[in-house]
Each structure stands twice: as structure tokens, then as C-alpha cells.
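**Student:** Can you keep this structure in mind? I'll have questions shortly.
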Ligand code: SF4
């Protein structure tokens, strides 16, 4: 069981907080598609014939791609890989790219899940973030997607903005719930170096994010969404029954995946590869029949640390029996010892052989995981 990720490295404009790889030079889109089709051919053996369960168009802004490009990419993936009879095929889409004609065309092309970048239902927040859409477009996008027959919709929301009060955050959640999506992802705003937001804060043009407020809003999201039947199955992810993201869940279960496109990462169970994060060089190399990428082999210690990091983010938690089976009983005993302090401070709950973060522990997920890492 494996997944395929396609990184579409184009955006209409740069959101002020974003540090993903993308370019606002849209002129290269056709060349990118040609290069990507070549990469698919070059890497058709990477997954070693494993059945592909999920395909995910991420970015960047995949909804900018022409429908024919999406169709060509999917056709090529179907030709070159073994695809399960019931794959999850997701497309990240921004509200300003969505209309009934495109939605129907995406559906006909095989897309069966949309992850919509709503972020906020407040105009001022969208302007502050430099998003390309407005509130009306966001609402219409969700409604039109439902009307076009997409039953598996996910909405992205961002909390912890300097101007986002708890009351506004409650309203954002309620508005999202009222649109009846199958899945909601809530991300804390983070300030990454080299972003416009980072510079705005440095120049005191806006206030910095406040960790206490972010913590409050994280707990509000859990409370509000669980109250209406969403399962909090990963730190940022909430799903209605049976509607977890199969693609992201596969990452958290350390399954293999092939990442196509500039800056995309791949994992084959023992090593990792990452493509060059430069659209021009990515395209040029593939036109010459080569792929510009780097790779590393992962030591058992790296695999264990990744397992600690990802499993603690999930509802199922870290399975000590699995650690013992895969990495040795010594590692299990050592983990039990280091986790004791968090069990005592009620940040981790032990349920049989599982270590599971409590809601207060989830606020420190990365720090707790890092402190459990092996050297
Ligand atoms: S649309 Fe998404 S990828 Fe593009 S700049 Fe905004 S947040 Fe980043």
C-alpha cells in the first residue's frame, strides 16, 4: 500500500505566512506538466509494484492547473502504477479557482476529495494573510463543490492570527461546521523565516503570534468540533466517521510514497529522496531526461525517531509493542522510562501498550516527541 504526491509549485500570489515551495510565475505551467509526465515515467519502479491507494495533488495551488493537465497526469499515473480499485484522489483547491464547470471536470477526471483553502470566514483576516479569495468565494466554493457531487470535502482553517479573537474563532468554526464538510483541518499560524509575515513582525508592522492565545484556540477547536461529531484523529485534523484523510494517514503510518514535482519528498521504507526546489532547474533537468534530487538512507534510529514524532501526533498514539518488535525491547524500555515524566504531568496517557498525548500534551507535541528521540 503506497501513495503518490504531486507538488504543483504555482500560486497566484504569496500568502504572507507561507514558506512552501511555489512560484508566482505561472508562465511555466505547461512546461511543468510536460516535465512532471517525464518524471512519472522515470520513477515508475520507485514503489516496487506496490498498490497505490491514494493520489494527492498538493502545492502550491493545484487548482490552478488546467483540467487537461490534471487528466494527463492521472492517466499517466494509471498507466505506470498499479492503482487500487477504490483510490482516494485529492486536490487542494483555492476558492477563487472553483466554479461549477471546473468542479464537474475535476470530478470527471477522477478527483474524489477536495481540500479547500478557506483559512477564515472574515474578510479582514483574508486580506491580512494576503489570500487571493474573499469570504463570499469561500462559501460559494464549498456549496458548489457539494452541488457538483463532492461528498468528501475538507476545509482548512488557520487560528492564532494576532487579530483573531476567541469569539471570532468560535464563529469561524461554527461557519465551517454549518457548511457540513466531512473533514476540517485547523492549523496554528506559524512565523517562518524569510516570509512576509516574519518581516512584518520584525518591522513592527504587526504584532507577533501569542502562544497562549494559540493554545486557547487549539482547545476551542477540539471542544467545538468534537461536540458535533468530528473525530480529532491527528493534531491538526478532524474527521467525520470514516472520512479521515487516507493519504495523510499513510504518512503517519510510515507507508511508502512517491513525491513528484519540484521540492517533493519520497520515502521507500529505508530512505528518503527530495527533488530540487527550483521550477526552472527541475524542468530543465527532466527535459534532458534527468531528475535533480538528493537522497539519504535512514538509519534504524532515524526511522524510530520519525515513528515517535508522527505516531504521537495521532489519536492511536505510539505503540510500544511495535517499537519492541521493530527496534528492540531495549528501545521500548528506554522510551517507557523517558515518557514517565509526561505521564506524571498528565501530558501523556498510557493505555495498555500505547502512549497517547492528552489534550494538554498535544500543545507541546513537537517538544515532547523531540525529548523522546534517540541519539
Ligand atoms: S496559496 Fe497556499 S501554497 Fe500558495 S502562497 Fe498561499 S498558503 Fe502558500
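Numbering (the working numbering), first residue to last: 737 to 1111.
Every residue, glycine too, gets a C-beta built ideally from N, C-alpha and C.
Classify residue 1090 as helix, strand or coil using the three-state DSSP reduction.
**Tutor:** Correct three-state label for residue 1090: strand.
**Student:** Indicate, with yes or no, if the ligand SF4 has a heavy atom lying under 7 Å from the CB of residue 926.
**Tutor:** Flag unset: Cβ of residue 926 not near the ligand SF4.
**Student:** Identify the residues that DSSP records as bridge partners of residue 790: which are they?
**Tutor:** Partner(s): 739 and 824.
**Student:** Using the C-alpha atoms, what's the distance from residue 1032 back to residue 919?
**Tutor:** Residue 919 and residue 1032: Cα-Cα distance of roughly 34 Å.
**Student:** Excluding the 5 residues preceding and the 5 following residue 879 in the sequence, name in chain order all residues of the same chain whose CB lies nearer than 8 Å to its CB.
**Tutor:** Result list for residue 879: 915, in chain order.
**Student:** Since residue 923 and residue 972 are thought to touch, with beta carbons under 8 Å apart, how far apart are those beta carbons, to the nearest angstrom?
**Tutor:** Sure, about 5 Å apart at Cβ, within 8 Å.
**Student:** In terms of residues, what are the limits of the beta strand (DSSP E) holding residue 895?
**Tutor:** Segment 889 to 895, the beta strand (DSSP E) holding residue 895.
**Student:** Just to check, is the beta-carbon of residue 797 closer than 7 Å to a non-hydrogen atom of the ligand SF4?
**Tutor:** Yes; taking the cut-off as 7 Å, the Cβ of residue 797 has a heavy atom of the ligand SF4 nearer than that.
**Student:** Return the first residue and the last residue of the beta strand (DSSP E) that residue 975 is part of.
**Tutor:** Segment 973 to 975, the beta strand (DSSP E) holding residue 975.
**Student:** Quick check on residue 1109: does DSSP put it in helix, strand or coil?
**Tutor:** DSSP places residue 1109 in coil when its eight states are reduced to three.
**Student:** Using the C-alpha atoms, what's the distance from residue 948 back to residue 777?
**Tutor:** In a straight line, the C-alpha of residue 777 is about 49 Å away from that of residue 948.
**Student:** I think residue 819 touches residue 788, with their Cβ atoms under 8 Å apart; what is that distance to the nearest whole Å?
**Tutor:** The pair is a contact, with the Cβ atoms about 5 Å apart (cut-off 8 Å).
**Student:** Could you check which residue in 863, 773, 1034 and 828 has the C-alpha nearest to that of residue 810?
**Tutor:** The shortest C-alpha separation from residue 810 is found at 773.
**Student:** Can you tell me whether residue 1005 is buried or exposed, with buried defined as 16 or more other CB within 10 angstroms of its CB?
**Tutor:** With fewer than 16 other Cβ atoms within 10 Å, it is exposed.
**Student:** Please state whether the Cβ-Cβ distance between residue 935 and residue 749 is less than 8 Å.
**Tutor:** No, the Cβ-Cβ distance between residue 935 and residue 749 is not below 8 Å.
**Student:** Go ahead and label residue 1098 buried or exposed: buried means 16 or more other beta carbons lie within 10 angstroms of its beta carbon, across all protein chains shown.
**Tutor:** Classification for residue 1098: buried.
**Student:** Taking 8 Å as the limit between beta carbons, can you name the residues of its chain near residue 757, skipping five residues before and five after?
**Tutor:** Excluding sequence neighbours, residue 757 sits near 743, 745, 796, 998, 999 and 1013.
**Student:** Between residue 836 and residue 881, what straight-line distance do the alpha-carbon atoms span, to the nearest angstrom?
**Tutor:** Answer to the nearest angstrom: the Cα atoms are 7 Å apart.
**Student:** Around the Cβ of residue 775, are there at least 16 other Cβ atoms within 10 angstroms (buried) or fewer (exposed)?
**Tutor:** Flag for residue 775 reads buried.
**Student:** Kindly examine the ligand SF4 and report whether one of its heavy atoms sits closer than 7 Å to the Cβ of residue 935.
**Tutor:** No - the ligand SF4 has no heavy atom lying nearer than 7 Å to the Cβ of residue 935.
**Student:** Please report the residue range of the alpha helix (DSSP H) in which residue 1012 lies.
**Tutor:** No alpha helix (DSSP H) contains residue 1012, which DSSP labels as neither H nor E.
**Student:** On a CA-only basis, which of 752, 816 and 849 is nearest residue 862? Give me that one, please.
**Tutor:** For residue 862, the nearest C-alpha among the options comes from 752.
**Student:** Can you tell which of 845, 782 and 822 has its C-alpha closest to the C-alpha of residue 793?
**Tutor:** The option with the nearest alpha carbon to residue 793 is 845.
**Student:** Could you give the residue range of the alpha helix (DSSP H) that holds residue 872?
**Tutor:** Taken as a continuous stretch (DSSP letters only), the alpha helix (DSSP H) holding residue 872 covers 871 to 883.
**Student:** Using the C-alpha atoms, what's the distance from residue 957 back to residue 695?
**Tutor:** There is no way to answer for residue 695, as the model of the chain reaches only from 737 to 1111.
**Student:** So residue 869 and residue 917 are supposed to be a Cβ contact under 8 Å. How far apart are they, rounded?
**Tutor:** The pair is not a contact, with the Cβ atoms about 17 Å apart (cut-off 8 Å).
**Student:** On the three-state DSSP scale, how would you describe residue 937?
**Tutor:** Helix.
**Student:** Going by DSSP in three states, residue 855 sits in which element: helix, strand or coil?
**Tutor:** Strand, per DSSP.
**Student:** Please list the segments of the alpha helix (DSSP H) lying wholly inside the stretch 1006 to 1071, counting only runs of 4 or more residues, in order along the chain.
**Tutor:** The qualifying runs are 1015 to 1023, 1036 to 1048 and 1056 to 1063.
**Student:** From this set, 829, 842, 802 and 849, which residue's C-alpha is nearest residue 822's C-alpha?
**Tutor:** Selected option, being the one with the closest Cα: 849.
**Student:** By DSSP, does residue 924 sit in helix, in strand, or in coil?
**Tutor:** In the structure shown, residue 924 sits in a strand (DSSP, three-state: E or B).
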